[in-house]
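Novice: Below is a structure I'd like to ask you about.
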Amino acid sequence: MAFDYGDRTGYEPISDVDRKEFHEQGFLLLRNVLTEDHRAALEAAVDRVYAEEEAKGKTTKDGTLHLLGFLERDELFGDLLTHPIAFPYMWGLAGWNIYSHHNHLDVTPPALEPEKPYWGWHQDGYRQNSDPETMDPNLPRPMFSLKVAYVLSDLSETGRGATKVIPGSHLWNSLPRPADTTVHNPDPEGTVEITANPGDAFIFDRRQWHSRSTNLSNITRKMLFVGYTYRWIRPLDELHIDKNGEWWNNRTPVQRQLCGEGTHTANYWGINWDGYIDDEIPLRKELKQRGLLNRNIPWLR
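For the sequence shown, position 213 matches number 225 in our numbering, and the numbering has no gaps at all.
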């Protein structure tokens, strides 16, 4: 299916204003990323996948689904890898040697009962939050990865299960935790719930301290998250791609790179065995041909 994004190609450089805001705040809310027909088609695909998972007993007792590695479940999902509006933020903020290591489909129905106390604040990355850390608490950890979250349902009001963030907290290595998490605790100071309209998207640094919230509304929250990291980092989610199937056959060279394809192990490090940069890596090749490499931006050299 084709959707009208005008002359957008996915290779338009992001603005210095957006780059500065992302680096300062740790996230960006992007309005009207999906056309309405694209959003509706994605929602229909999500509903189909949800029904399949529900039939297999994969949803929770309240109907929640958190499905990892969803990309190959529909043609539309694969095309999100290079969405013409969102993709420039991925290579613009992380560079050309990237792929999608982690992606998830989330469906969160209205809560059936008041939620028990929990403390859900975290940074993504698991051991990436400790293995590379220095002993200097004032030196932030590396970003390593970022995500784009596509909003398919109406999250324009608080209380609908939207993601909560603390702007600027991506530069903090720790967040004070309440002494007693068996009782309800207030959110940390500065918390913002990302309210968004259907078709919006937001991008966030994996280090951003964030938390889910309870869906207290009568609207089912539906979202798609696609994470990108460096190709020399191992995948988090397991994909089950049929390399002889139609889905894989329909992927572009850049999309195949973003699914983890590489020609040899050194290729994942951005080089050939001679130690020189591999200019045939699909995303690098595309950016180079378009004159979008920039020696003043380390990840775009």
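Beta carbons are placed, not taken as given, at the ideal position from N, Cα and C, and that holds for glycine.
Of the residues W281, H35 and P129, which one's Cα is nearest the Cα of D192?
Specialist: The shortest C-alpha separation from D192 is found at P129.
Novice: For P261, which of helix, strand or coil comes out of DSSP?
Specialist: The amino acid at residue 261 is misidentified as Pro; the sequence shows Asn. Helix, per DSSP.
Novice: Quick check on DSSP: helix, strand or coil for S181?
Specialist: helix
Novice: At what residue ranges does the segment 60–135 contain a whole run of the beta strand (DSSP E), taking only runs of 3 or more?
Specialist: 77–80 and 110–120
Novice: Looking at the strands, I want to know which residues DSSP matches up with F237.
Specialist: H116 and A161
Novice: Where does K234 land, buried or exposed, given buried means 16+ other C-beta within 10 angstroms?
Specialist: buried
Novice: Quick test of your reading: L164 and L299, contact by CB under 8 Å. State the CB separation rounded to the nearest angstrom.
Specialist: Not a contact, Cβ separation roughly 29 Å.
Novice: Counting only the same chain and skipping the five closest in sequence on each side, list residues whose C-beta sits under 7 Å from that of D49.
Specialist: F15
Novice: So the alpha helix (DSSP H) D28 belongs to, where does it begin and stop?
Specialist: It spans D28 to Q37 - the alpha helix (DSSP H) in which D28 sits, taken as one unbroken run.
Novice: Please report how far the alpha carbon of Y17 lies from the alpha carbon of P190, in whole angstroms.
Specialist: Cα atoms of Y17 and P190: separation of roughly 46 Å, rounded to the nearest angstrom.
Novice: Classify D291 as helix, strand or coil using the three-state DSSP reduction.
Specialist: coil
Novice: Identify whether E145 lies in helix, strand or coil by the three-state DSSP scheme.
Specialist: For E145, the three-state secondary structure derived from DSSP is coil.
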